[in-house]
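Undergrad:
Number of protein chains: 2
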Amino acid sequence: MSKFTTLSEEYRQSIEAELEGSLELLGDSPLRRDIGYVFSMGGKRVRPLLTIFASEAVGAFSQDVMQAAVAIEILHNFTLVHDDIMDKADTRRGKATVHITSGTNTAILVGDQMMALAYDALEKCSGRHLRAGLRIFNEGVKQVCDGQALDENLSKSVGYTMTDYIDMISRKTGALLMAAGELGALLGGGTTQEIGSLGKFGLNIGIAFQILDDMLDLEGDMERFGKPRGLDIMEKKRNFLFIKAQQSMDRKSFAVVDAAYRKNSVSADDVVAVHDAYRNAGIFEDGKKEVADYTERALANLEALTASAGKEMLVELADTLVKRRF
Amino acid sequence: MSKFTTLSEEYRQSIEAELEGSLELLGDSPLRRDIGYVFSMGGKRVRPLLTIFASEAVGAFSQDVMQAAVAIEILHNFTLVHDDIMDKADTRRGKATVHITSGTNTAILVGDQMMALAYDALEKCSGRHLRAGLRIFNEGVKQVCDGQALDENLSKSVGYTMTDYIDMISRKTGALLMAAGELGALLGGGTTQEIGSLGKFGLNIGIAFQILDDMLDLEGDMERFGKPRGLDIMEKKRNFLFIKAQQSMDRKSFAVVDAAYRKNSVSADDVVAVHDAYRNAGIFEDGKKEVADYTERALANLEALTASAGKEMLVELADTLVKRRF
Numbered sequence: 002m003s004k005f006t007t008l009s010e011e012y013r014q015s016i017e018a019e020l021e022g023s024l025e026l027l028g029d030s031p032l033r034r035d036i037g038y039v040f041s042m043g044g045k046r047v048r049p050l051l052t053i054f055a056s057e058a059v060g061a062f063s064q065d066v067m068q069a070a071v072a073i074e075i076l077h078n079f080t081l082v083h084d085d086i087m088d089k090a091d092t093r094r095g096k097a098t099v100h101i102t103s104g105t106n107t108a109i110l111v112g113d114q115m116m117a118l119a120y121d122a123l124e125k126c127s128g129r130h131l132r133a134g135l136r137i138f139n140e141g142v143k144q145v146c147d148g149q150a151l152d153e154n155l156s157k158s159v160g161y162t163m164t165d166y167i168d169m170i171s172r173k174t175g176a177l178l179m180a181a182g183e184l185g186a187l188l189g190g191g192t193t194q195e196i197g198s199l200g201k202f203g204l205n206i207g208i209a210f211q212i213l214d215d216m217l218d219l220e221g222d223m224e225r226f227g228k229p230r231g232l233d234i235m236e237k238k239r240n241f242l243f244i245k246a247q248q249s250m251d252r253k254s255f256a257v258v259d260a261a262y263r264k265n266s267v268s269a270d271d272v273v274a275v276h277d278a279y280r281n282a283g284i285f286e287d288g289k290k291e292v293a294d295y296t297e298r299a300l301a302n303l304e305a306l307t308a309s310a311g312k313e314m315l316v317e318l319a320d321t322l323v324k325r326r327f
Numbered sequence: 002m003s004k005f006t007t008l009s010e011e012y013r014q015s016i017e018a019e020l021e022g023s024l025e026l027l028g029d030s031p032l033r034r035d036i037g038y039v040f041s042m043g044g045k046r047v048r049p050l051l052t053i054f055a056s057e058a059v060g061a062f063s064q065d066v067m068q069a070a071v072a073i074e075i076l077h078n079f080t081l082v083h084d085d086i087m088d089k090a091d092t093r094r095g096k097a098t099v100h101i102t103s104g105t106n107t108a109i110l111v112g113d114q115m116m117a118l119a120y121d122a123l124e125k126c127s128g129r130h131l132r133a134g135l136r137i138f139n140e141g142v143k144q145v146c147d148g149q150a151l152d153e154n155l156s157k158s159v160g161y162t163m164t165d166y167i168d169m170i171s172r173k174t175g176a177l178l179m180a181a182g183e184l185g186a187l188l189g190g191g192t193t194q195e196i197g198s199l200g201k202f203g204l205n206i207g208i209a210f211q212i213l214d215d216m217l218d219l220e221g222d223m224e225r226f227g228k229p230r231g232l233d234i235m236e237k238k239r240n241f242l243f244i245k246a247q248q249s250m251d252r253k254s255f256a257v258v259d260a261a262y263r264k265n266s267v268s269a270d271d272v273v274a275v276h277d278a279y280r281n282a283g284i285f286e287d288g289k290k291e292v293a294d295y296t297e298r299a300l301a302n303l304e305a306l307t308a309s310a311g312k313e314m315l316v317e318l319a320d321t322l323v324k325r326r327f
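Chains D and V supply the protein sequences, listed in that same order. Numbering-wise, the working numbering comes out as the position in the first sequence, counting from 1, plus 1. Numbering-wise, the working numbering comes out as the position in the second sequence, counting from 1, plus 1.
Structure, rendered in structure tokens:
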């Protein structure tokens with residue numbers, strides 16, 4: 002195993018333990034069991050790893066860094082619970098979502114409570130960085146909500162551009178990874194410039210990650226990703242593939258995609274037809290190029306940092322994210 | 002006009018202006034218009050007034066106090082937006098609720114964004130009280146979510162007691178008024194004991210307020226309260242009236258109430274029948290006694306404070322809340 006695999010697995014275990022431990026902050030909350038369930042659904046824990054490695058890239062890891070890392074992961078999980086309600090997603094990572102196990106009302110409250118829990122975890126960071134940390138956190142949350150709202154609106158609106166799409170995913174997916182990088186750099190003792198660079202690293206990684214995610218909606222391994230194929234098409238989301246197709250496909254080829262997006266109910270056959278159309282037009286190659294491009298930008302954001310184990314880990318983290326199997 | 006009326010009206014105008022101003026913190030958020038709409042729905046602004054008067058009762062009002070007061074009011078409004086989704090309430094204060102005007106998904110996001118905005122407003126408080134303020138805030142949010150969750154569960158469960166009910170409303174309604182009192186006392190420069198007393202004042206006022214609210218569900222002026230009469234019965238909520246009735250009514254008289262709560266769909270006639278049963282059994286008198294009792298406890302929490310204009314205003318505030326017309 003590589004040093005990255007060993008180290009990130011070690012940290013991941015600590016993160017799981019800290020997440021579990023954070024439930025103590027909920028006392029006798031009737032929502033505790035559901036929140037524990039959300040944590041048990043797992044995940045790659047990319048955001049807290051980013052916070053931890055960012056701290057190591059500019060200075061040192063500490064219990065405060067771990068606290069902020071956990072806060073960011075809780076926040077991310079809150080957004081998933083509410084997103085799953087909005088997207089009517091019945092499963093995540095192959096497990097039933099909270100609104101399925103406990104009802105929509107409880108799922109709304111679980112999300113709300115998790116947001117409070119995230120702030121509570123953040124408050125446990127000792128020292129003088131509380132205000133700056135809180136600012137980063139607030140900005141992250143606001144952007145995520147905005148991004149999700151833009152996604153809601155955009156997924157229904159015609160005639161929006163790749164620029165709008167990139168803006169939307171910068172908020173929806175990029176903002177929390179940006180906050181994760183910034184918080185790690187802040188609590189690791191980084192300079193203002195380093196905090197900025199590691200924030201941008203997170204943002205660019207986030208954009209790459211989301212474009213890849215849009216592609217995996219059609220080309221992903223269903224068992225591995227635990228959700229049905231072509232969900233974006235069924236929900237008529239104007240995702241990266243759709244916009245790219247709209248931009249670059251000739252009118253006749255695009256007609257297949259357009260027809261599916263105009264239907265009231267999209268069938269499995271429609272999904273296959275759209276998938277074929279994208280494949281024939283080379284949309285996935287375009288997507289891969291775009292992912293590589295944003296990953297390059299992310300790596301460029303690290304250039305100014307002096308060489309360190311933390312920096313190496315960040316490069317590996319970026320690499321792992323982009324290498325998600327098709 | 003009394004000094005209280007004049008002063009609270011002045012402060013209320015400042016609060017409205019600050020709420021409006023807080024929208025600036027949202028930048029170009031696609032949710033800004035909806036959040037502005039929530040603010041424009043109005044309200045008595047009891048919580049921020051409590052924060053302000055609490056600060057004056059232990060020391061001095063300041064811009065920081067106003068900031069915290071506004072943060073608490075935003076937080077309260079976030080809970081209303083999500084509660085209205087859960088309760089399927091179409092109107093509030095005679096106006097369409099956000100999930101009606103903009104859809105449930107947007108309403109979820111509006112609430113989420115308002116929670117972030119509340120924390121953002123709180124962070125704008127300068128000075129050394131940020132961590133303590135954040136703790137009070139976090140505890141308030143967690144308790145409110147717990148209270149709402151208990152309400153969700155309890156409203157369906159049989160065999161729960163008045164103690165469970167008081168615990169539920171202490172969290173659902175009391176916790177934010179408690180936080181409002183504590184924050185005012187903290188930022189006004191109060192001692193630990195004063196912060197505790199003003200928190201308890203808020204908590205007890207909150208309990209009185211909620212019991213009164215349960216009564217107004219049946220005896221309130223529909224036009225003034227902007228919601229249909231008997232909503233709690235239609236939703237089969239085991240509110241104060243129900244539990245008191247269950248405790249104190251004889252079996253035969255309670256059968257009317259019980260029958261309505263067992264129906265799949267409660268009619269307007271059922272509401273009238275339950276209302277009459279409560280009235281004949283003197284449940285509203287019991288309720289009024291309970292409200293008076295918790296108001297007394299609240300006023301007792303102020304006893305240790307030295308006389309001041311702020312203290313007088315708090316007494317008047319308690320009085321106004323309890324005097325809500327039937």
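Glycine is no exception: its CB is placed at the ideal position from the N, C-alpha and C atoms.
1) How about P229(V): is its C-beta nearer than 7 angstroms to some C-beta of chain D?
2) DSSP state of T296(D), grouped into three classes?
3) Does the beta carbon of C146(V) sit closer than 7 angstroms to a beta carbon anywhere in chain D?
4) Only counting the same chain, and skipping five residues up and downstream in sequence, which positions put a Cβ closer than 7 angstroms to that of G112(V)?
5) Only counting the same chain, and skipping five residues up and downstream in sequence, which positions put a Cβ closer than 6 angstroms to that of R13(D)?
6) Who are the near neighbours of S127(V) in its chain, counting only those whose CB is closer than 7 angstroms to its CB and skipping five residues on each side?
7) For R129(V), is the classification buried or exposed, using 16 other Cβ atoms within 10 angstroms of its Cβ as the cut-off for buried?
8) May I have the straight-line CA-CA distance separating L184(D) from A70(D), to the nearest angstrom?
9) Identify the contact partners of L27(D) in chain V, using a Cβ-Cβ distance below 9 angstroms as the criterion.
10) Drop a sphere of 10 angstroms on the beta-carbon of N240(V), count the other beta-carbons inside from all chains shown, and report buried for 16 or more, exposed for fewer.
11) How far does the alpha helix (DSSP H) with V272(D) in it extend, from its first residue to its last?
12) Less than 6 angstroms separating the Cβ of H130(V) from some heavy atom of the ligand ATP?
13) By the three-class DSSP mapping on this structure, what secondary structure does A260(V) have?
14) Could one say the Cβ of E124(V) lies closer than 7 angstroms to chain D's Cβ atoms, at least one of them?
15) Under a Cβ-count criterion, where at least 16 other Cβ atoms within 10 Å of its own Cβ denotes burial, should G191(V) be classed as buried or exposed?
16) Check whether the segment 228 to 247 of chain V touches the segment 163 to 170 of chain V, counting contact only when three or more Cβ pairs, one atom from each stretch, lie closer than 8 angstroms.
17) I want to see whether chain D comes within less than 7 angstroms of L184(V), judged by CB atoms only; does it?
18) Can you find the residues in the same chain that come closer than 8 angstroms, C-beta to C-beta, to I208(D), ignoring five residues on each side of it along the sequence?
19) To the nearest angstrom, how far is it from the Cα of K312(D) to the Cα of D147(D)?
20) Give the residues from the segment 147 to 176 of chain V that approach chain D closer than 9 angstroms (Cβ to any Cβ), ordered along the chain.
21) Can you tell me the Cβ-Cβ gap for L59(D) and E153(D), rounded? I've got them flagged as a contact below 8 angstroms.
22) Between A97(D), S266(D) and M314(D), which has its C-alpha nearest F62(D)'s C-alpha?
23) So with CB distances below 7 angstroms, who are the chain D contacts of A117(V)?
24) Since A122(D) and I75(D) are thought to touch, with beta carbons under 8 angstroms apart, how far apart are those beta carbons, to the nearest angstrom?
25) Take D91(D) and list the residues in its own chain whose beta-carbon comes closer than 7 angstroms to its own, dropping the five residues that flank it on each side.
26) I'd like the list of long-range same chain contacts for K237(V), defined as Cβ closer than 6 angstroms, with 5 residues on each side in sequence excluded.
27) Starting from the N-terminal side, write out each stretch of the alpha helix (DSSP H) that is 4 residues or longer and does not extend beyond the segment 12 to 57 of chain D.
28) What's the C-alpha gap between N139(D) and L300(D)?
29) Please check if any C-beta of chain D sits within less than 7 angstroms of the C-beta of D259(V).
30) Residues of chain V with a CB under 8 angstroms from the CB of M179(D): which are they?
31) Give the range of the alpha helix (DSSP H) segment to which G104(D) is assigned.
32) Using a C-beta to C-beta distance shorter than 9 angstroms, which residues of chain D count as neighbours of D121(V)?
33) Since Q114(V) meets chain D, which of its residues come closer than 7 angstroms, beta carbon to beta carbon?
34) Tell me which same chain residues have a C-beta within less than 6 angstroms of the C-beta of Y120(D), skipping the five on either side of it?
35) Just how far apart, CA to CA, sit G134(V) and E57(V)?
36) Could you say if the segment 249 to 263 of chain V and the segment 202 to 219 of chain V meet the contact criterion of at least three C-beta pairs nearer than 8 angstroms?
TA: Result, derived from the coordinates:
1) no
2) helix
3) yes
4) F79, V82 and H83
5) R46
6) D65
7) exposed
8) 8 angstroms
9) K143 and D147
10) buried
11) A269 to N281
12) Questions concerning the ligand ATP fall outside what the structure shown contains, since it holds no ligand whatsoever.
13) helix
14) yes
15) buried
16) yes
17) no
18) I167, I170, S171, T174, G175 and Y295
19) 31 angstroms
20) D147, Q149, A150, L151, E153 and N154
21) Before going on, a small fix: residue 59(D) reads as Val here, not Leu. That pair is no contact at about 36 angstroms.
22) M314(D)
23) N139, V142, K143 and C146
24) 6 angstroms
25) A97, T98 and I101
26) Y262
27) 33 to 41
28) 26 angstroms
29) no
30) The contacting residues do not exist; M179(D) stays about 15 angstroms from chain V at best.
31) Element bounds for G104(D): n/a, residue is neither H nor E.
32) L135, R136, N139, E140, V142 and K143
33) K143 and C146
34) none
35) 17 angstroms
36) no
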